[in-house]
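K.L.:
Chains Z and Y, in that order, give the protein sequences. Start counting the first sequence at 1; every next residue gets the next number (my numbering). Start counting the second sequence at 1001; every next residue gets the next number (my numbering).
Number of protein chains: 2
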Amino acid sequence: MTLPQRVELYEVGPREGFQSEAGSIRTEDKIAFINAMSQTGLKNIEVTSFVSPKWVPQMADAEIVLKSIERVPGVAYRAAYLNLKGLERALTNNVTLDGSLVLSASNAFSKRNMNKTTSEMLKELPEWIEAYQKAGIPIKQMGFMASFGCNFEGYIYLEHLLEIMGKVIALAQSSGERIQKVKLADTMGWANPQQIKRTVQAIQDKWPELQIHLHLHDTRGLGLANVYAALEEGLWEFDTAIAGLGGCPFAAVKGAPGNISTEDVAFLCEQMGIATGLNLDALVECSKMAEGIVGRELPGHLAKGGVLSDIRPRSWLQEQG
Amino acid sequence: MTLPQRVELYEVGPREGFQSEAGSIRTEDKIAFINAMSQTGLKNIEVTSFVSPKWVPQMADAEIVLKSIERVPGVAYRAAYLNLKGLERALTNNVTLDGSLVLSASNAFSKRNMNKTTSEMLKELPEWIEAYQKAGIPIKQMGFMASFGCNFEGYIYLEHLLEIMGKVIALAQSSGERIQKVKLADTMGWANPQQIKRTVQAIQDKWPELQIHLHLHDTRGLGLANVYAALEEGLWEFDTAIAGLGGCPFAAVKGAPGNISTEDVAFLCEQMGIATGLNLDALVECSKMAEGIVGRELPGHLAKGGVLSDIRPRSWLQEQG
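#1: Determine the closest residue to Val75 of chain Z out of Z:Phe144, Z:Tyr10, Z:Val200, Z:Phe33, with distance taken between C-alpha atoms.
#2: Applying the 10 Å Cβ sphere with the 16-neighbour rule, what's the burial state of Leu1066 of chain Y?
#3: Using the Cα positions of Ile1064 of chain Y and Asp264 of chain Z, report the straight-line distance between them to the nearest angstrom.
#4: Any contact of the segment 1078-1088 of chain Y with the segment 1146-1158 of chain Y, i.e. 3+ C-beta pairs under 8 Å?
#5: Short of 7 Å Cβ to Cβ, which residues in the segment 1264-1292 of chain Y face chain Z?
#6: Contact between the segment 36-43 of chain Z and the segment 95-102 of chain Z is defined here as three or more beta-carbon pairs at a separation below 8 Å; is this criterion met?
#7: So, is the C-beta of Asn1192 of chain Y closer than 8 Å to a C-beta in chain Z?
#8: So with Cβ pairs under 8 Å, would you call Gly1305 of chain Y a contact of chain Z?
#9: Can you say whether Pro1257 of chain Y is buried or exposed, counting buried as having 16 or more other CB atoms within 10 angstroms of its CB?
#10: Let me make sure I understand the geometry here. Which of Y:Val1200, Y:Lys1030, Y:Arg1015 has the alpha-carbon closest to that of Met1289 of chain Y?
#11: Considering Cα atoms alone, identify which of Y:Gly1176, Y:Thr1262, Y:Lys1183 is closest to Leu1324 of chain Y.
#12: Residues in the segment 1210-1222 of chain Y with C-beta within 8 Å of chain Z's C-beta atoms, listed in sequence order?
#13: Output yes if chain Z places a C-beta closer than 8 Å to the C-beta of Ala1135 of chain Y; else output no.
#14: What is the residue span of the alpha helix (DSSP H) that Val1284 of chain Y lies within?
#15: Would you check if the segment 1204-1215 of chain Y and the segment 293-313 of chain Z touch, i.e. whether three or more CB-CB distances between them fall below 8 Å?
#16: So for Tyr157 of chain Z, helix, strand or coil by DSSP?
#17: Check each residue of the segment 121-151 of chain Z: if its Cβ is closer than 7 Å to any Cβ of chain Y, include it; give the result in chain order.
#18: Thinking Ala1225 of chain Y and Tyr228 of chain Z are a contact (beta carbons under 8 Å), I'd like their distance in whole angstroms, please.
#19: Check whether the segment 1279-1287 of chain Y touches the segment 188-208 of chain Z, counting contact only when three or more Cβ pairs, one atom from each stretch, lie closer than 8 Å.
#20: Under a CB-based cut-off of 8 Å, is Val1227 of chain Y close to chain Z?
#21: With H, G and I counted as helix, E and B as strand and the rest as coil, what does DSSP make of Lys54 of chain Z?
#22: Who are the near neighbours of Gln1058 of chain Y in its chain, counting only those whose CB is closer than 7 Å to its CB and skipping five residues on each side?
#23: Using a Cβ-Cβ distance under 8 Å, would Ser261 of chain Z count as near chain C?
#24: Consult DSSP for Leu1009 of chain Y and reduce its assignment to one of helix, strand or coil.
#25: Run down chain Y in chain order and give the residues with a C-beta less than 7 Å from the C-beta of Ile25 of chain Z.
#26: Compute the Euclidean distance between the alpha carbons of Gly321 of chain Z and Cys1150 of chain Y, then round it to the nearest angstrom.
#27: Within 10 Å of its beta-carbon, does Ser1106 of chain Y have 16 or more other beta-carbons around it, so buried, or fewer, so exposed?
#28: Smallest Cα separation from Leu91 of chain Z: which of Z:Tyr132, Z:Ile164, Z:Gly246, Z:Glu233?
#29: Just verifying my parser: in three-state terms, what is the DSSP assignment at Ser315 of chain Z?
#30: Do we get a CB-CB distance below 8 Å when we pair Pro4 of chain Z with the residues of chain Y?
#31: Indicate the three-state DSSP secondary structure (helix, strand or coil) for Ala1131 of chain Y in the structure shown.
#32: Would you please verify whether the beta carbon of Ile179 of chain Z is less than 8 Å from any beta carbon of chain Y?
#33: Write down the C-beta distance between Ile260 of chain Z and Val7 of chain Z rounded to the nearest angstrom, noting that I regard them as a contact closer than 8 Å.
#34: Going by CA-CA distance only, name the one from Y:Tyr1077, Y:Gly1166, Y:Leu1082 that's closest to Asn1115 of chain Y.
#35: Just to make sure I have the definition right: I need the residues of chain Z whose C-beta is within less than 7 Å of the C-beta of Ile1311 of chain Y. Which are they?
#36: Under 8 Å between the Cβ atoms of Leu1302 of chain Y and Arg220 of chain Z?
Here it is in structure tokens:
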């Protein structure tokens, strides 16, 4: 097994992190936070979500945030959207779009999160394809929530995941589009490292050219072990959130850890000689800033344990080389 | 790479965890906590430390704790000791002893922790051998603090670790003893998964019959990734602490996570089909008890994320099977 030479971390903290905060985050805090993250080396930052302010009041300032941030050249500013109305807002607000088709691998989660079954969601994909094509956005990506397990349904069978993946690929193909990347989300923290490996191997056997991107949660503590397993399979793209922002509204207990932490994943990679392009000290500063904004301690380790980059951190790599 | 079929977790929370608490823990709380842990399936519990109450007042009740706990048949109750006086106390207080020879792989940490260089400590080992032999305890084990890195010295070179390991093995041999197990401690949270693998492979190349036991800390977030890497190399013995009790007096920031969490490691293993012999729900209860005793939230994830064992947790294993 050969580890990748570099990884790309997609920051989701300002969207997924702030979205799950009980209190409201001040718009100017969001802007300052995103501006600070733009200076860390991150190339992809999901800054907000185009959702109804009725359901997610924390994201009511989506347009203002996108207009006010200082855009650093080379950084893609992204946004989440869950319906066609959200896509419309995204199209007029200068965000980088993937042209992604998204379903939940768990039917129970789909009902709960989108009020539609996975089959119903699948039937709506042609509308999405039409909307993307009308906007001139190539459809290169598909995404699956709850790809590994679900608090309301249990483990997701790999066969089932492969089956719905196949359906989405075929659907895109029939509209003249070619899916090149799949984003698998472990929305509720169910994956384990062996399951990650088995899933990646099965997908690579079936669709060798499909790139796999992981969105992992650390809800039950296996987040970084899962990242390591994925790295061993050659994966190199991960969604992460500064400080482990994110929480999980579906965890057994409120306040459970959410997304895997950007700085911890970056540290894991850098310690093993995998380039991240990120400044760890700058990430730690952003991590502390995030704690200040939400007003409590967050789960990321590195800010507490210390980067310690002044103390011969690379000598074992030299020894190895 | 084949994962082991079972693992053995050595609980160190009551010793290493409570030792690093700023406030004093009531003796009756310690006893109730150890009694609860005796009911989880744990077979090894380090309950206290025979150190000078002048330096570690939290452990002044070592003898009372050992006399008062309800000993469950099949559970080994252990204690730490750092000098020959401590060993003497251990010998008269009904604890399971390994006959272990312990050094620090980091010279700087040795000076700081023991006020002696690693060489000076090495020169004292014949006294330890003599004391063990006098007590009729076979010397089967050696241990190394700061085996992977040190906040005061940086990364520990593998060559250096192998060299001092060789010296201890030779020393024991010259006294008619055969070292069968090495305990490598990542005292300050420096190890990364690749380093773990490289270290294990080098040791197994040189001493194929030597069993390797790991004592890992999660100070900088890589604890469970390191466990997974070790499992992939076939290791099956780990020191862990309920709830991630432990802290690290040498971390950059007070309150940084300490030992890897017993319940999180057990969950990782069980999810991958590795038997732990442990009751996860009972461990989670102990984890909550630990939080009550120290009066604050602790880093272990499982109590927050939930075991969720009622929701088809094993179906992917069945599918695999």
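For every residue, glycine included, the Cβ atom is placed at its ideal position computed from N, Cα and C.
P.N.:
Taking the geometry as given:
#1: For the purposes of this step, residue 75 of chain Z is taken as residue 75 along the first sequence, with counting starting at 1. Taking only the C-alpha atoms, the option nearest Val75 of chain Z is Z:Tyr10.
#2: Along the second sequence, one-based indexing puts residue 1066 of chain Y at 66. Buried is the call here.
#3: For the purposes of this step, residue 1064 of chain Y is taken as the residue at position 64 of the second sequence. For the purposes of this step, residue 264 of chain Z is taken as the residue at position 264 of the first sequence. Going by the C-alpha atoms only, they are around 41 Å apart.
#4: No, because fewer than three Cβ pairs between the segment 1078-1088 of chain Y and the segment 1146-1158 of chain Y fall closer than 8 Å, the two stretches do not touch.
#5: Cβ contacts with chain Z come from Asp1264, Phe1267, Leu1268, Gln1271, Met1272.
#6: With fewer than three CB-CB distances shorter than 8 Å, the segment 36-43 of chain Z does not count as touching the segment 95-102 of chain Z.
#7: Locating residue 1192 of chain Y in the second sequence gives position 192, counting from the first residue. Yes, Asn1192 of chain Y counts as interfacial toward chain Z.
#8: Locating residue 1305 of chain Y in the second sequence gives position 305, counting from the first residue. Closer than 8 Å to some Cβ of chain Z, the Cβ of Gly1305 of chain Y qualifies, so yes.
#9: In the second sequence, counting from the first residue as 1, residue 1257 of chain Y sits at position 257. In this structure Pro1257 of chain Y is buried. Its beta-carbon is surrounded by 16 or more other beta-carbon atoms within 10 angstroms.
#10: Here residue 1289 of chain Y refers to the residue found at position 289 of the second sequence. Checked all of Y:Val1200, Y:Lys1030, Y:Arg1015; the closest Cα to Met1289 of chain Y is Y:Lys1030.
#11: Summary: the structure shown does not reach residue 1324 of chain Y, with chain Y confined to residues 1001 through 1321, and so no result is reported for it.
#12: Answer set for the segment 1210-1222 of chain Y: Asp1218, Thr1219, Arg1220, Gly1221, Leu1222.
#13: Your numbering for residue 1135 of chain Y matches position 135 in the second sequence. Answer no: the Cβ-Cβ gap between Ala1135 of chain Y and chain Z never drops below 8 Å.
#14: Walking along the second sequence from the start, residue 1284 of chain Y turns up at place 284. 1280-1294 is the span of the alpha helix (DSSP H), which, as asked, contains Val1284 of chain Y.
#15: Output reads no: the segment 1204-1215 of chain Y does not touch the segment 293-313 of chain Z.
#16: Numbered from its first residue, the first sequence carries residue 157 of chain Z at position 157. Reduced to three states, the DSSP call for Tyr157 of chain Z is coil.
#17: Result list: Asn151.
#18: Position 225 of the second sequence holds residue 1225 of chain Y. Position 228 of the first sequence holds residue 228 of chain Z. 4 Å between Cβ atoms; contact.
#19: With a cut-off of 8 Å on Cβ pairs, the segment 1279-1287 of chain Y is not in contact with the segment 188-208 of chain Z, counting fewer than three such pairs.
#20: What you label residue 1227 of chain Y is simply residue 227 of the second sequence in a count that begins at 1. For Val1227 of chain Y, the answer is yes, since a Cβ of chain Z falls inside 8 Å of its Cβ.
#21: The residue you call residue 54 of chain Z lines up with position 54 of the first sequence. Coil.
#22: The residue given as residue 1058 of chain Y occupies position 58 in the second sequence. Counting only Cβ-Cβ distances below 7 Å, and skipping sequence neighbours, we find Phe1018, Gln1019, Glu1021, Ser1024, Ile1025.
#23: This model lacks chain C altogether, as its protein chains are Z and Y.
#24: Mapped onto the second sequence, residue 1009 of chain Y falls at position 9. Judged by DSSP in its simplified three-state form, Leu1009 of chain Y adopts strand.
#25: Stepping through the first sequence from its first residue, residue 25 of chain Z is reached at position 25. Neighbours of Ile25 of chain Z on chain Y: none; closest Cβ ~22 Å, over 7 Å.
#26: Reading the first sequence from its first residue, position 321 is the one you call residue 321 of chain Z. Reading the second sequence from its first residue, position 150 is the one you call residue 1150 of chain Y. Its pLDDT being 42, under 50, Gly321 of chain Z is placed unreliably by the model, and the measurement read from it follows with that caveat. The alpha-carbon atoms of Gly321 of chain Z and Cys1150 of chain Y are separated by roughly 21 Å.
#27: Residue mapping note: residue 1106 of chain Y aligns to position 106 of the second sequence, counting from 1. Ser1106 of chain Y should be labelled buried.
#28: For the purposes of this step, residue 91 of chain Z is identified with residue 91 of the first sequence, where counting begins at 1. It is Z:Tyr132 whose Cα lies nearest to the Cα of Leu91 of chain Z.
#29: Taking the first residue of the first sequence as 1, we reach residue 315 of chain Z at position 315. In this prediction, Ser315 of chain Z has a pLDDT of 48, which is less than 50 and means its spatial position is unreliable; what the coordinates show is noted afterwards. Residue state, collapsed to three classes: helix.
#30: On the first sequence, residue 4 of chain Z is found 4 positions in, with the first residue counted as 1. Answer no: the Cβ-Cβ gap between Pro4 of chain Z and chain Y never drops below 8 Å.
#31: Here residue 1131 of chain Y refers to the residue found at position 131 of the second sequence. Helix.
#32: In the first sequence, counting from the first residue as 1, residue 179 of chain Z sits at position 179. Closer than 8 Å: no.
#33: Start at 1 with the first residue of the first sequence, and residue 260 of chain Z comes out as number 260. Start at 1 with the first residue of the first sequence, and residue 7 of chain Z comes out as number 7. Contact between Ile260 of chain Z and Val7 of chain Z does not hold, since their C-beta atoms are separated by about 12 Å, which reaches or exceeds 8 Å.
#34: Position 115 of the second sequence holds residue 1115 of chain Y. Between Asn1115 of chain Y and the set Y:Tyr1077, Y:Gly1166, Y:Leu1082, the nearest pair of CA atoms involves Y:Leu1082.
#35: Locating residue 1311 of chain Y in the second sequence gives position 311, counting from the first residue. Per Cβ cutoff of 7 Å: Asn151, Gly154.
#36: Numbered from 1 along the second sequence, position 302 holds the residue referred to as residue 1302 of chain Y. Numbered from 1 along the first sequence, position 220 holds the residue referred to as residue 220 of chain Z. Yes, these two residues count as a Cβ contact at 8 Å.
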